[in-house]
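Peer 1: Quick note, the sequence shown lines up with residues 951 to 1066 if you use my numbering.
Note that the Cβ used here is the ideal one computed from N, Cα and C, for glycine as well.
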Amino acid sequence: MPARAFSYTLLGVTGNTYTFPRRSERKPARKVILLVVESEESEVHHEGTTVDISSDGARVEACAPLTPGQTLSLIQPDDPSRPLRCLVVWAGDVGTDGDGQAGLEFLDPPATNFEN
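(1) Using C-beta distances below 6 Å, list every residue in its chain close to T1021, excluding the 5 sequence neighbours before and after it, in chain order.
(2) List the whole-angstrom C-beta distance separating A979 from A1012, where the pair is believed to meet the contact cut-off of C-beta under 8 Å.
(3) From the DSSP secondary-structure annotation, give me the bridge partner or partners of L1022.
(4) Under a three-way DSSP split, which group does L1054 fall into?
(5) Along the beta strand (DSSP E) that carries A979, what are the first and last residues, could you check?
(6) Only counting the same chain, and skipping five residues up and downstream in sequence, which positions put a Cβ closer than 7 Å to that of P1018?
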C-alpha cells in the first residue's frame, strides 16, 4: 500500500518525518468536475479538475477557495445524476505548490465509474 510522509514543526524546529499507509491507492486522473457548495441562503457552483483520485477521495484544483470542514457535492458532467457528497479535509496554502488545490474525502461510496 502506498505511504505518504509528513513532518511536523514544534517551536520552529523541524521534527521527524513519519510515514503511514493510505487507505487506498491514488491514481492520476484529469477530469473536469463541478463542485456545488451549499449554504443556508444559496447553492454556489465552482468549476474544477481532479488531479488524482482513489476510492476514498480526490485531490482537486478548484476555481474558488475551499475550506477544510466544508461539505460539498462533486458532480461529473458526464453523470450529473449521481453527485458525490464530499468533505474538504485540506486546502493548499496561497503561494505554495498546493495553492488552488484541496483534498476531498468521499462521504458516500463513489460511483464505480468515477475512477475510470
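Peer 2: On the basis of the coordinates in this document:
(1) Beyond the five residues adjoining it in sequence on each side, T1021 comes within less than 6 Å, by CB distance, of L1037 in the same chain, given in chain order.
(2) Rounded, the Cβ-Cβ distance is 15 Å, inconsistent with contact.
(3) Beta-bridge pairing links L1022 to V987 and C1036.
(4) Per DSSP, reduced to three states, the secondary structure at L1054 is strand.
(5) According to the DSSP assignment, A979 belongs to no beta strand (DSSP E), since it is labelled neither H nor E.
(6) Closer than 7 Å at Cβ, skipping near neighbours: V1038, V1039, W1040 and A1041.
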